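Q:
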Amino acid sequence: MSSHLKPISDKEKGYAKSIFPSSGYYKQNGEVWCHCCGNIEYQIPGILEVDLELGYQCRCLNHLILEHNPRKDNLTESKYYSIIQTFNKWQVIRTFDVHRINRKGFQTEYTYNEVYQNWVSPDGEEIIISKRYSRGCNFFNWYYNTEFKVRNHNQRCAGYYVFEDVFDVTGNYFYPQYKITRKLHKYGWCKAIEKLPYVSVVECMKMLLTSRHAETVVKQGQYDVFLWMVRSKKPEIEYMPQMNICHRNHYVITDASIYFDMLSFMEQTGKDIHNPKFICPNDLYKAHEIALAAYSKIRKKMEEETKRKLAEQFNKEYVKDKGKFFGVIITDGELSIKVLKSVFEFIDEGKSMHHCVFENEYYKKKDSLILSARVNGERMETVEVSLKTFQVIQSRAVCNHTSAYHNRIIELVNRNMGLIRRAAS
Ligand SMILES: [Zn+2]
Numbered sequence: 034m035s036s037h038l039k040p041i042s043d044k045e046k047g048y049a050k051s052i053f054p055s056s057g058y059y060k061q062n063g064e065v066w067c068h069c070c071g072n073i074e075y076q077i078p079g080i081l082e083v084d085l086e087l088g089y090q091c092r093c094l095n096h097l098i099l100e101h102n103p104r105k106d107n108l109t110e111s112k113y114y115s116i117i118q119t120f121n122k123w124q125v126i127r128t129f130d131v132h133r134i135n136r137k138g139f140q141t142e143y144t145y146n147e148v149y150q151n152w153v154s155p156d157g158e159e160i161i162i163s164k165r166y167s168r169g170c171n172f173f174n175w176y177y178n179t180e181f182k183v184r185n186h187n188q189r190c191a192g193y194y195v196f197e198d199v200f201d202v203t204g205n206y207f208y209p210q211y212k213i214t215r216k217l218h219k220y221g222w223c224k225a226i227e228k229l230p231y232v233s234v235v236e237c238m239k240m241l242l243t244s245r246h247a248e249t250v251v252k253q254g255q256y257d258v259f260l261w262m263v264r265s266k267k268p269e270i271e272y273m274p275q276m277n278i279c280h281r282n283h284y285v286i287t288d289a290s291i292y293f294d295m296l297s298f299m300e301q302t303g304k305d306i307h308n309p310k311f312i313c314p315n316d317l318y319k320a321h322e323i324a325l326a327a328y329s330k331i332r333k334k335m336e337e338e339t340k341r342k343l344a345e346q347f348n349k350e351y352v353k354d355k356g357k358f359f360g361v362i363i364t365d366g367e368l369s370i371k372v373l374k375s376v377f378e379f380i381d382e383g384k385s386m387h388h389c390v391f392e393n394e395y396y397k398k399k400d401s402l403i404l405s406a407r408v409n410g411e412r413m414e415t416v417e418v419s420l421k422t423f424q425v426i427q428s429r430a431v432c433n434h435t436s437a438y439h440n441r442i443i444e445l446v447n448r449n450m451g452l453i454r455r456a457a458s
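Using the working numbering, the first residue of the sequence shown is number 34, and each one after it goes up by one.
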């Protein structure tokens with residue numbers, strides 16, 4: 034089929050010229066060299082100043098942005114230029130390596146070399162053919178005179194350096210008149226899809242031809258959802274009933290990833306996601322925020338539940354291990370320092386003191402004893418005593434700071450270390 038394609042037309046060639054910037058070089062003496070046509074003209078130095086600000090109109094009618102570059106006498110620029118056509122019910126995206134070659138004193142030359150073609154079958158299968166190329170970290174070379182051969186996306190991508198996908202048409206310039214197969218039109222292809230940003234037109238075609246959900250979504254006018262499907266390569270939407278509710282309520286989703294996050298939060302917090310009042314919010318971002326807050330609350334509860342379960346699991350061993358210290362009470366009348374009597378107390382202590390005495394599993398440490406120092410029942414600091422050296426290892430107040438009682442606590446514990454020592458033996 035590839036060999037039956039027509040060569041690039043004059044109209045298509047003409048458009049390709051416009052994808053290059055309207056630029057030119059100038060010299061202080063008034064010389065202006067147009068990169069669009071190659072003409073050299075002379076402007077009166079006084080007026081040149083104005084041209085530099087407003088742009089210079091060349092004889093070829095292009096409005097040039099001028100750059101001061103008096104020495105350079107040649108300039109070659111290249112762009113990838115794609116034309117979308119059909120052949121035998123297939124879609125073909127043909128990509129040309131277009132060069133604009135400027136040598137001072139000569140007319141501007143344009144060359145068009147077709148380098149690869151992405152073929153999309155009526156079933157959404159893609160086949161790529163391309164000319165031979167070679168590349169390294171900082172060079173890329175097409176061999177225009179080689180045969181077209183079948184290739185894959187990101188072929189020979191091994192090694193430490195990850196190359197860009199040569200056959201991804203996303204950043205290419207396109208001839209604005211797309212020819213689209215009847216099947217794609219039937220499935221909902223339209224101008225709005227052609228205008229979707231930062232996405233490969235080939236991937237859009239494949240998605241629309243292979244996913245029934247994509248077809249529905251496009252026909253419902255939810256282009257951002259379609260874009261999200263293509264970008265995240267998800268041919269199926271979990272919340273299809275919700276899409277239909279949106280459609281019935283004329284609700285257009287403007288940010289699909291935020292929208293689906295919101296739905297998932299709502300679902301997990303038991304909100305009715307069949308009620309358009311909830312799932313078609315006027316302010317999507319606000320609704321997302323609220324759903325997220327509700328979800329965070331529930332997740333916190335769930336986390337606490339797992340903590341409790343964990344505590345239950347280890348409590349027996351803790352009590353067996355440290356039970357003999359539970360009778361130890363250290364006090365000076367105002368301060369009262371007691372050993373934590375269960376793993377549940379570790380949870381409470383960590384929660385109210387905002388430190389990690391539970392998370393870091395201090396209840397599992399054989400050689401340390403954790404005590405809570407309080408004044409009138411209010412937690413002041415959490416104390417760790419070594420059962421090896423019988424010394425205070427650390428004493429921490431809220432958020433691992435120290436309290437006004439810090440020194441008093443340590444002295445008091447040290448003075449009464451005998452109680453702990455005796456309980457240990
Ligand atoms: Zn010109």
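Yeah, the Cβ is synthetic: ideal placement off N, Cα and C, and Gly gets one too.
Being a predicted model, the structure only gives us computed values, none of them experimental.
#1: What residue does the alpha helix (DSSP H) around residue 397 start on, and which one ends it?
#2: Take residue 253 as the anchor and find which of 264, 57, 265 and 223 has the nearest alpha-carbon.
#3: Thinking C-alpha only, which one of 231, 229, 177 and 267 is nearest residue 246?
#4: Just curious, the alpha helix (DSSP H) that residue 346 is in, first and last residue?
#5: Of all residues in the structure, which have a C-beta closer than 6 Å to any heavy atom of ligand 1, taken in chain order?
#6: Between the beta-carbon of residue 126 and the beta-carbon of residue 285, is there less than 8 Å?
#7: What does the alpha-carbon distance come out to for the pair residue 177 and residue 105?
#8: Using 8 Å for Cβ pairs, my map puts residue 402 next to residue 358. What's the rounded Cβ distance?
#9: According to DSSP, simplified to helix, strand and coil, what is residue 460?
#10: Can you name the residues that DSSP bridges to residue 368?
#11: Taking three-plus beta-carbon pairs below 8 Å as touching, is the region 106–116 in contact with the region 44–52?
#12: Quick check: the region 396–415 against the region 371–380, are at least 3 beta-carbon pairs closer than 8 Å?
#13: Does the Cβ of residue 388 have 16 or more other Cβ atoms within 10 Å, making it buried, or fewer, making it exposed?
#14: Do residue 71 and residue 173 come within 8 Å of each other at the CB atom, strictly closer than that value?
#15: State buried or exposed for residue 171, treating a residue as buried only when at least 16 other CB atoms are found within 10 Å of its CB.
#16: With distances taken from CA atoms, which of 152, 290 and 258 is nearest residue 280?
#17: Report all residues from its chain with a CB closer than 7 Å to the CB of residue 314; omit the five preceding and five following residues, and keep chain order.
#18: Identify, in the order they occur along the chain, each residue of the same chain with its Cβ nearer than 7 Å to the Cβ of residue 7, setting aside the five sequence neighbours on each side.
#19: Check whether the region 148–157 and the region 196–205 are in contact - that is, three or more C-beta pairs closer than 8 Å.
#20: Would DSSP call residue 448 helix, strand or coil?
#21: Between which two residues does the alpha helix (DSSP H) harbouring residue 279 extend?
#22: Once you ignore the five residues that flank residue 380 on each side, which residues in its own chain have a CB closer than 7 Å to its CB?
#23: I'd like the span of the beta strand (DSSP E) that includes residue 263, first residue to last.
#24: Less than 8 Å between the beta carbons of residue 531 and residue 53, yes or no?
#25: Round the Cβ separation of residue 213 and residue 251 to the nearest angstrom and send it over; I've been treating them as touching at under 8 Å.
#26: Using only the alpha-carbon positions, how far apart do residue 255 and residue 209 sit?
#27: Looking only at C-alpha atoms, which of 73, 330 and 397 sits nearest to residue 352?
#28: DSSP three-state label for residue 73, please.
#29: Ignoring anything shorter than 3 residues, give me the beta strand (DSSP E) runs that lie fully in the region 72–102, in order along the chain.
#30: Using 8 Å for Cβ pairs, my map puts residue 238 next to residue 124. What's the rounded Cβ distance?
#31: Flag this pair as yes or no: are the beta carbons of residue 439 and residue 411 separated by less than 8 Å?
#32: Does residue 297 come out as helix, strand or coil in the three-state DSSP assignment?
#33: Apart from the five residues just before and just after residue 143, which ones in its own chain have a Cβ nearer than 8 Å to its Cβ?
#34: From which residue to which residue does the beta strand (DSSP E) around residue 164 run?
#35: Alpha carbon to alpha carbon, what distance is there between residue 99 and residue 92?
A: According to the structure data:
#1: Against the sequence shown, residue 397 aligns to sequence position 364. The continuous stretches of alpha helix (DSSP H) do not include residue 397, and DSSP gives it neither H nor E.
#2: Your numbering for residue 253 matches position 220 in the sequence shown. Comparing Cα-Cα distances from residue 253 to each of 264, 57, 265 and 223, the minimum goes to 223.
#3: Within the sequence shown, numbered from 1, the residue matching residue 246 stands at position 213. For the residues 231, 229, 177 and 267, the minimum Cα distance to residue 246 belongs to 267.
#4: Within the sequence shown, the letter at position 313 stands for residue 346. DSSP places residue 346 inside the alpha helix (DSSP H), whose first and last residues are 317–355.
#5: With the cut-off at 6 Å, the residues found are 67, 69, 70, 72, 91, 92, 93 and 95.
#6: Within the sequence shown, the letter at position 93 stands for residue 126. Within the sequence shown, the letter at position 252 stands for residue 285. Going by C-beta atoms, residue 126 is not nearer than 8 Å to residue 285.
#7: On the sequence shown, position 144 is the one that residue 177 refers to. On the sequence shown, position 72 is the one that residue 105 refers to. Just so you know, the alpha carbons of residue 177 and residue 105 end up roughly 28 Å apart.
#8: To locate residue 402, count along the sequence shown from 1; it is residue 369. To locate residue 358, count along the sequence shown from 1; it is residue 325. Contact holds; Cβ gap of about 6 Å.
#9: For residue 460 there is no data in the structure shown, the boundaries of the chain being 34 and 458.
#10: The residue given as residue 368 occupies position 335 in the sequence shown. The partner list for residue 368 (beta bridge, DSSP) reads 408.
#11: Contact holds: three or more Cβ-Cβ distances are below 8 Å.
#12: Output reads yes: the region 396–415 touches the region 371–380.
#13: Counted from its first residue, the sequence shown places residue 388 at position 355. Residue 388 should be labelled buried.
#14: Translated into positions along the sequence shown, residue 173 becomes position 140. Translated into positions along the sequence shown, residue 71 becomes position 38. No, they are not a contact pair.
#15: Sequence index remark: in the sequence shown, residue 171 carries index 138 (1-based). Residue 171 is exposed by the Cβ-count criterion.
#16: Residue mapping note: residue 280 aligns to position 247 of the sequence shown, counting from 1. Of the candidates 152, 290 and 258, the one whose C-alpha sits nearest the C-alpha of residue 280 is 258.
#17: The residue you call residue 314 lines up with position 281 of the sequence shown. Cβ neighbours of residue 314 beyond the five flanking positions: 320.
#18: Because the chain in this structure spans residues 34 to 458, residue 7 falls outside the shown range and cannot be described.
#19: Of all C-beta pairs linking the region 148–157 to the region 196–205, three or more are shorter than 8 Å, placing the two stretches in contact.
#20: In the sequence shown, counting from the first residue as 1, residue 448 sits at position 415. If DSSP states are grouped into helix, strand and coil, residue 448 belongs with the helices.
#21: For this step, residue 279 is matched to residue 246 along the sequence shown. Residue 279 -> alpha helix (DSSP H) spans 273–281.
#22: For the purposes of this step, residue 380 is taken as the residue at position 347 of the sequence shown. 340, 344 and 391, listed in sequence order.
#23: Counting from 1 along the sequence shown, the entry for residue 263 is found at position 230. Bounds of any beta strand (DSSP E) do not take in residue 263; it lies within the alpha helix (DSSP H) bounded by 256–264.
#24: Residue 531 lies beyond the residue range present for the chain, which begins at 34 and ends at 458; the question has no answer from this structure.
#25: Position 180 of the sequence shown, counting from 1, holds the residue named residue 213. Position 218 of the sequence shown, counting from 1, holds the residue named residue 251. That pair is no contact at about 13 Å.
#26: As a working mapping, residue 255 is identified with position 222 in the sequence shown. As a working mapping, residue 209 is identified with position 176 in the sequence shown. Distance between the alpha carbons of residue 255 and residue 209 is about 23 Å.
#27: The residue labelled residue 352 in the question sits at position 319 within the sequence shown. If we check each option's Cα against that of residue 352, 397 comes out closest.
#28: Counted from its first residue, the sequence shown places residue 73 at position 40. Under the three-state reduction of DSSP, residue 73 is assigned to strand.
#29: Qualifying beta strand (DSSP E) stretches, in chain order: 73–75 and 96–101.
#30: One-based indexing of the sequence shown puts residue 238 at position 205. One-based indexing of the sequence shown puts residue 124 at position 91. The Cβ separation is near 6 Å, so the contact holds.
#31: For the purposes of this step, residue 439 is taken as residue 406 along the sequence shown, with counting starting at 1. For the purposes of this step, residue 411 is taken as residue 378 along the sequence shown, with counting starting at 1. No, Cβ-Cβ distance for residue 439 and residue 411 is not below 8 Å.
#32: Position 264 of the sequence shown holds residue 297. Three-state DSSP puts residue 297 in a helix.
#33: Taking the sequence shown and counting its residues from 1, the one referred to as residue 143 is at position 110. Excluding sequence neighbours, residue 143 sits near 46, 49, 50, 131, 132, 133 and 134.
#34: As a position in the sequence shown, residue 164 is number 131, starting the count at 1. Neither: residue 164 is in no beta strand (DSSP E) and is coded neither H nor E.
#35: Locating residue 92 in the sequence shown gives position 59, where the first residue counts as 1. Locating residue 99 in the sequence shown gives position 66, where the first residue counts as 1. Their Cα atoms are separated by approximately 15 Å.
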